[in-house]
Every structure is written in C-alpha cells, then in structure tokens.
Amino acid sequence: MGRVDGKVALVTGGAMGMGESHSLLLAQEGAKVVVTDINTEAGEATAQQIRDAGGDAIFIQHDASSEEQWRSVIDQSVAAHGKIDILINNAGIVISKPNEETTLDDWDITMAVNSTGVFLGCKTVVPAMEKAGGGSIVNISSIYGIIGAPNAAAYQASKGAVRMLTKSCAVDYAQYNIRVNSIHPGVIRTPMLGDAANDEAAIKQVLAGTILERAAEPIEVSYAVLLLASDESSYMTGSELVVDGGYTTV
Ligand SMILES: NC(=O)c1ccc[n+]([C@@H]2O[C@H](COP(=O)([O-])OP(=O)(O)OC[C@H]3O[C@@H](n4cnc5c(N)ncnc54)[C@H](O)[C@@H]3O)[C@@H](O)[C@H]2O)c1
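Going by the numbering used here, the first residue of the sequence shown is number 3, and it counts up by one from there.
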C-alpha cells in the first residue's frame, strides 16, 4: 500500500530539483502525478521517469505566475483524473542581491513566481479539491521566510508571504476539509544553488551554524512533503515544517 494511493497530486516546478524529487516520491507512493513547469523538456522527462517506473504521470507546461495558465492546468488535471487531492506549490526562483541593488523588475518577478504563484494555486485549486471531498496543499517556503540572511531581500519577502498566506488559507479552507501547510527547507542540493553547490567553501560557510553540518538531498525534503500530502497529517493545518538540519535552531 502506498501512502498516497488513489490520490491525484499536482506539483509545480516539477521539472528539476526538489519538485522532481517530490513528483517521483508521490508517484512511488501511489499518487497520479501532474507535473507542471515552464521547462517543458525537463518536465516531460520527470513524467517519463515516473511512467518508466510503472507510475502514472502527465506533464503540463505552466508558468505558475499566470492566472490564465493556472485555470487551464486545473481544468486539464480534472479532465484527466476527475479531481485533485494534493497541490504542492513548489515552483520558485531566487535572485541574490542586496536590497539596495535589487531592481523593481527583480522584485516583481520574484514576487510573481514565489508569492503570486502560490496565491493563484491556493485559490484556483479549491473547486477541484472540494469535488474530491477535501485535500492537502503544501506550500514550499524557506527558512529565509522565517529568519534573515544577506543578499536575499526579494526572496525573503516572497517566502515570508508564503508562510502567512499558508496560515490564512488554512483558516479559510478548513470548511472545505482542505489542509494547508508550509515547508521551510534549509540548504538543499538542487540546480537552484547554481555554482554555489560545487563551492565547498561557500557551502561550509553557510552551513557553519547547521547542527547536522551538511546540506540535504532533495529526497530529505520530499519525505516531509509526503507526510503533509498524505492523510497521516490529518490534524496538521496552518503549520510550518522546518527541514533545515537544525540551521534555525541555534
Ligand atoms: N535549494 C534550496 O536550498 C532551497 C531552500 C529553501 C527553499 N527552496 C525552495 O524550494 C523550491 C524548489 O527549489 P529548488 O531548489 O528545487 O529549485 P530549482 O531551481 O532546482 O527548481 C525550480 C523549478 O521551478 C521551475 N520554475 C521556475 N519558475 C517557474 C515558473 N514561473 N512557473 C513554473 N515553474 C517554474 C524551474 O523550471 C525548476 O524546474 C523553490 O520554491 C525554492 O525557493 C529551495
């Protein structure tokens, strides 16, 4: 028995990094997965990996900051599977700059993808989840939606917005039996880290205060996503699950 058997899960930003990992794990645990991303080639590859392993997945090209595309993605998912039980709002971008060097365009695009994208997902999915009798929304924030860091003003503001949007939706959607929680990863080895991922000195510096003294692999966050996506977390809503190796503890 899989932990999300019979459920339909939509994962944004599912082409690469953590979104790919979340998609693979949810499929492995029995969900039919709708992978969405702006990157068609890599997104199709994630869906194909799932099908090759005997799972059920489709890919839909999707810019998470577009309301029109959200409506289309939800419609296509419901047409394919009849319902949506799980939404993982994972798509995100980072532009690392000090606040005084951050342009309005930097700010706007970061907010559009990281905050507006999550707002639109949480809003648009509700009728499909109501149809399923309820559901689970997992919003990927960051430890930088909770604590400060250098050169990340727009990113931090966008992830802080996700943290509070999650709590607001948890309150509003309880009446529909929809739970809404956020996850706050620490430093995870994905393409988002860019060159820094191979810069051991930089990683070491960032991780100096991390109790576990290492970065994580995407699958270590995916297991937290799976918990919140599954019925095992039936009494969790509005919560913030920190997956950071203890970075924010000391
Ligand atoms: N890597 C980390 O250390 C870390 C830490 C905390 C939080 N996060 C968050 O986790 C999430 C996943 O990050 P990751 O590290 O896997 O990043 P990543 O860059 O490896 O992957 C992000 C994915 O999102 C997609 N994407 C970008 N813009 C999009 C858009 N407008 N619409 C749809 N898809 C879009 C990309 O194509 C890519 O497939 C992000 O929200 C990120 O902010 C990452």
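Note that CB positions come from ideal geometry on N, CA and C, so glycine has one too.
Same chain, Cβ closer than 6 Å to residue i, neighbours up to 5 away in sequence not counted
| i | result |
| --- | --- |
| residue 18 | 44, 193 |
| residue 40 | 65 |
| residue 181 | 138, 239 |
Near ligand 1: residue i beta-carbon under 7 Å from a heavy atom
| i | result |
| --- | --- |
| residue 248 | no |
| residue 230 | no |
| residue 244 | no |
| residue 192 | yes |
| residue 36 | no |
| residue 182 | no |
| residue 211 | no |
The beta strand (DSSP E) enclosing residue i, as first and last residue numbers
| i | result |
| --- | --- |
| residue 187 | 180-187 |
| residue 138 | 137-142 |
| residue 58 | 58-63 |
Terminal residues of the alpha helix (DSSP H) in which residue i lies
| i | result |
| --- | --- |
| residue 90 | First-last for residue 90: 88-91, but that is the beta strand (DSSP E), not the alpha helix (DSSP H). |
| residue 164 | 155-175 |
| residue 110 | 106-112 |
| residue 11 | Careful: residue 11 lies outside any alpha helix (DSSP H), inside the beta strand (DSSP E) at 10-14. |
| residue 206 | 202-208 |
| residue 34 | Taken as a continuous stretch (DSSP letters only), residue 34 belongs to no alpha helix (DSSP H), being part of the beta strand (DSSP E) at 34-39. |
| residue 77 | 69-83 |
| residue 243 | Premise fails: residue 243 lies in the beta strand (DSSP E), 242-245, not in any alpha helix (DSSP H). |
| residue 17 | Looking at the DSSP string, residue 17 is not in any alpha helix (DSSP H), and its letter there is neither H nor E. |
| residue 228 | 220-231 |
Spatial neighbours of residue i in its chain, beta-carbon cut-off 8 Å, leaving aside the 5 residues before and after
| i | result |
| --- | --- |
| residue 152 | 100 |
| residue 214 | 247, 248 |
| residue 118 | 67 |
Within 8 Å, strictly: CB atoms of residue i and residue j
| i | j | result |
| --- | --- | --- |
| residue 91 | residue 115 | no |
| residue 164 | residue 141 | yes |
| residue 11 | residue 35 | yes |
Residues of its chain near residue i, where Cβ-Cβ distance is below 7 Å and the 5 sequence neighbours each way are ignored
| i | result |
| --- | --- |
| residue 135 | 179 |
| residue 126 | 72, 73, 76 |
| residue 51 | 26 |
| residue 112 | 95, 97, 156, 157, 160 |
| residue 241 | 183 |
Inter-residue CB distance, residue i and residue j (contact presumed, cutoff 8 Å)
| i | j | result |
| --- | --- | --- |
| residue 88 | residue 137 | 6 Å |
| residue 22 | residue 48 | 5 Å |
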